[in-house]
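Okay, structure first, notes after.
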Amino acid sequence: MEEIDIIGFKCCENECINTNKPIGECIEGNGFINLINDGNVNYIKCGEGKGVNKDSLIYTENSFKKPQNNINYSLFYFEIKCMKMEGVKNHKVIGFKKCGPITKYIRFGADSASIGIGKDTFNLPIFCWNNNDVFGCGLVYPPENFPYIFFTQNGKQIGKAILLNENNDSYKPYIIVNCCSVETNFGKDLETKPFVYDFSKHLIPKFY
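Start counting the sequence shown at 3; every next residue gets the next number (the numbering used here).
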């Protein structure tokens, strides 16, 4: 994760922590993230008796782009391992942002136990999550049909997939965290750090 969104999400009006200064503390005492290194996001919670814990939105530097003239299925996938802070409310969202003139967010929220696209939200009837759970988000481009996005928890698909009724060419991974640190895995070295999700068992899912 490379880019901190400070337009709608910032530690305070001073923007103490940003993409160019990803490590530090908020001078107002608010809780916010630090980008420790490539792939690790550490949440620093607010000081006792001052400040509040703020949501932090982080994008990847690069987007996942639709392959051109592809005759096979194409899959883009990433995972995050979540470390919850005890004694406070934890908030985590994982998903994709549709790039282009009209943006749209396709996401899974752990604290709300819901999957959504734009203003549409679908609640999961049964869901819980624990410290060190691994969540994944996948974008599939079939050779002919519309693409879809699915979500996983500890290697198993959760809920149904979101069918994207348009052939948009670019989607950018993102996460939102509050009082939750994460380790990301974009598959750069699958031999030493494999995904929890087994792609060989992936089936075309049901859709909302």
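Ideal Cβ positions, reconstructed from N, Cα and C, are used throughout, including at glycine. These figures come from a predicted structure and were not determined experimentally.
Between residue i and residue j, is the Cβ-Cβ spacing less than 7 Å?
i: residue 62; j: residue 149; result: no
i: residue 18; j: residue 29; result: yes
i: residue 184; j: residue 46; result: no
i: residue 210; j: residue 162; result: yes
i: residue 55; j: residue 182; result: no
i: residue 33; j: residue 52; result: no
i: residue 94; j: residue 84; result: yes
i: residue 117; j: residue 177; result: no
i: residue 119; j: residue 104; result: no
i: residue 86; j: residue 133; result: yes
Nearest to residue i by alpha carbon, out of the options?
i: residue 35; options: 14, 50 and 52; result: 14
i: residue 39; options: 204, 187, 162 and 118; result: 187
i: residue 67; options: 173, 209, 189 and 193; result: 173
i: residue 44; options: 179, 194 and 193; result: 179
In whole angstroms, what is the alpha-carbon distance linking residue i and residue j?
i: residue 59; j: residue 99; result: 12 Å
i: residue 190; j: residue 197; result: 10 Å
i: residue 37; j: residue 11; result: 15 Å
i: residue 127; j: residue 160; result: 11 Å
Using 8 Å for Cβ pairs, my map puts residue i next to residue j. What's the rounded Cβ distance?
i: residue 1; j: residue 137; result: Residue 1 lies beyond the stretch modelled for the chain, which goes from 3 to 210, so this question has no answer here.
Just checking: is the beta-carbon of residue i within a distance shorter than 7 Å of some beta-carbon in chain B?
i: residue 157; result: In the structure shown, chain B cannot be found, because there is only a single protein chain.
For the structure I just gave you, are there three or more beta carbon pairs, one from the stretch 141 to 159 and one from the stretch 67 to 77, closer than 8 Å?
With the cut-off at 8 Å, the stretch 141 to 159 and the stretch 67 to 77 touch.
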